[in-house]
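Okay, structure first, notes after.
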Amino acid sequence: MHWSETISRPMPWKEEKNPYLIWLSEIILQQTRVEQGLPYYLKFAAKYPTVFDLANVEESALMKDWEGLGYYSRARNLHEAAKMIVENHQGIFPKDINEIKKLKGIGDYTAAAIASFAYNAPFAVLDGNVFRVLSRVFNIELPIDTTIGKKYFLSVAQEALDQQFPAKYNQAIMDFGATHCLPSQPKCQECVMNEICIAYQKDIVSILPIKSKKLLKKVRNINYLVYVIDDQTLISETTQSVWKGLFQFPMVESDNAAWEIEDVQHFLTKEKIGYLTIKKEFADTQNLTHQRINANFWNIEVIEFPRIENTKKVSFKNINNFPYPKIIKNYLSSIHK
DNA sequence: AAAACGGGGGG
DNA sequence: CCCCCAGTTTT
């Protein structure tokens, strides 16, 4: 806490005591860098100043505002939680941590963050920063991605918490992890903790914290078919999986490799779709947590649109009124001259 | 307990 | 190219 008084890391939600705005900021910041989430927080705080504004908005509009931030279930959960607060709590954000945890999208970390920041309640936050700081200072070599590891770290975090100033302490340890006790190249030489940091004394800072799992990535080849008549094309709303609630073009996934133009021709013929021209307009790749996506965008001039379930006609002039995943946005930017 | 879930920045 | 980020929900 003393260290935190020597640094400056201003953020609009620090010093904020309105639990609704704290909640909003915490949801936006889940697995998201402060610099990345900041503009979204400012937009949401201005557009949805109260929980009622959030509860009453159409979900599609909310998704549009969330566009580009990722982890879209956060937006859907935010909406559902807002409605829960209005219906079950008369629009007043709950104060009891168990009630806070019942809200969609709020887990252990976010509940502790809201309870401590808004009400100065004595609950220690345990996020990526805290895992790192505690694992190094106390030389904890339990993996942080196992149940046993999380349980132990939580007990250490709770014990280390300053009971008198929980909000200040939680804020300080996260600032410390984010700016000083960095994942790589931490500033150990000038660290105020280096004399009591066991990992530093043992020179094993770089291996901490320890993770047990490594994740497998699936490679997917997606062929987006952009059917075009004059200024119109066909888009559909994704109904499941990763990009639920966002829009995309009709697509076909190919197993081994991305399509060549012959494969597109073959597909259109098989589906009895008449076409004038086929042109590969854009190619891009995107890395998600569990999959690597190779995408090709095929511009296909047609005489009449094929009948595909759940698609709608839209003009390129209005196409940006709908929310899209990043890879579709990249394509749309590339064709917008 | 493990997998799924985005996007961006930095080394 | 890999790691990590103010984590939570679903399987």
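Take 2 as the starting number for the first sequence in the working numbering and just add one per residue.
Quick reminder that beta carbons are idealized off the backbone N, C-alpha and C, glycines included.
Note that the structure is predicted; figures quoted are calculated from it, not measured.
| Helix, strand or coil: which one does DSSP assign to Ile-274? | coil
| said: By the three-class DSSP mapping on this structure, what secondary structure does Asn-99 have? | reply: Helix.
| said: Measuring only the C-alpha atoms, how far is Ile-28 from Ser-136? | reply: 25 Å
| message | Quick check on Lys-280: does DSSP put it in helix, strand or coil? | response | strand
| query | Leaving out five residues before and five after Ala-119 in sequence, what residues of the same chain have Cβ atoms less than 7 Å from its Cβ? | reply | Lys-18, Pro-20 and Ile-23
| field | Stretch-stretch touch, CB-based, cutoff 8 Å, three pairs: the stretch 226-238 with the stretch 296-311 | value | yes
| message | Nearer than 7 Å: is that true of the beta carbon of Ala-46 relative to any heavy atom of the ligand MN? | response | In terms of ligand content, the structure shown is empty, and the ligand MN therefore cannot be addressed.
| request: State the DSSP-derived secondary structure class of Ala-125, mapped to helix, strand or coil. | output: coil
| query | Who are the Cβ neighbours of His-3 in its own chain at under 8 Å, not counting the five residues just before and after it? | reply | Val-193
| field | Same chain, Cβ closer than 8 Å to Asp-256, five either side skipped, listed in chain order | value | Asn-222
| Among the residues of its own chain, which have a CB less than 6 Å from the CB of Thr-286, if the five just before and after it don't count? | Excluding residues within five positions, the ones whose Cβ falls inside 6 Å are Asn-295.
| said: Would Ala-83 and Gly-106 be called neighbours here (beta carbons separated by less than 8 Å)? | reply: Result no, Cβ atoms of Ala-83 and Gly-106 do not sit closer than 8 Å.
| query | Among Ser-26, Gln-165, Cys-182 and Glu-191, which residue has its Cα nearest to the Cα of Ile-208? | reply | Cys-182
| field | Buried or exposed (CB count within 10 angstroms, at least 16 for buried), Ala-258 | value | exposed
| field | Same chain, Cβ closer than 7 Å to Asn-121, five either side skipped, listed in chain order | value | Pro-167 and Ala-168
| Beta carbon of Glu-60, beta carbon of Arg-75: below 8 Å? | no
| The alpha helix (DSSP H) spanning Arg-75 covers which residue range? | Arg-75 -> alpha helix (DSSP H) spans 74-90.
| query | Along the chain, where does the beta strand (DSSP E) that runs through Val-315 open and close? | reply | 312-316
| With C-beta atoms as the reference, is Val-243 less than 8 Å away from Leu-289? | Inclusion of Val-243 and Leu-289 in the CB contact set at 8 Å is warranted, their separation being smaller than that value.
| request: Please name the residue or residues paired with Phe-298 in a DSSP beta bridge. | output: Tyr-225 and Phe-283
| field | Presumed contact (8 Å Cβ cut-off) between Gln-249 and Val-315, rounded CB distance | value | Under the criterion of beta carbons closer than 8 Å, Gln-249 and Val-315 do not qualify as touching, at roughly 12 Å.
| Which residues share a DSSP beta bridge with Phe-248? | Glu-238
| said: Measuring alpha carbon to alpha carbon, tell me which residue in Gly-178, Cys-198, Pro-123 and Arg-133 is nearest Lys-212. | reply: Cα-wise, what sits closest to Lys-212 is Arg-133.
| said: Counting C-beta neighbours from all protein chains within 10 Å, is the total for Gly-178 16 or more, i.e. buried, or is it exposed? | reply: buried
| query | In this structure, what does DSSP give as the bridge partners for Ser-255? | reply | Asn-222
| Cβ distance (whole Å) where Asn-140 is taken to contact Ile-101 below 8 Å | Rounded, the Cβ-Cβ distance is 33 Å, inconsistent with contact.
| request: Under 8 Å Cβ to Cβ from Tyr-153, same chain only, skipping five residues before and after it: list those, please. | output: Ile-141 and Leu-143
| said: Once the 5 residues before and after Asp-163 are set aside, which same chain residues still bring their CB inside 8 Å of it? | reply: Met-2, Lys-169 and Tyr-170.
| request: Quick one: measure Cβ to Cβ for Asp-264 and Ile-8, integer angstroms, because I've assumed they're closer than 8 Å. | output: In fact, because the Cβ distance is near 56 Å, the residues do not count as touching under 8 Å.
| task | Keeping to the same chain, check which residues put their C-beta closer than 6 Å to that of Tyr-41; ignore five residues upstream and five downstream. | result | Excluding sequence neighbours, Tyr-41 sits near Ile-29 and Leu-70.
| task | Could you spell out where the alpha helix (DSSP H) holding Val-35 opens and where it closes? | result | 35-48
| query | Can you round the beta-carbon distance between Asn-311 and Glu-238 to whole angstroms, since I take them to be within the 8 Å contact cut? | reply | 7 Å
| request: For Lys-280, collect the residues of the same chain with a Cβ closer than 6 Å to its Cβ; drop the 5 residues on either side in sequence, then sort them by chain order. | output: Asn-300
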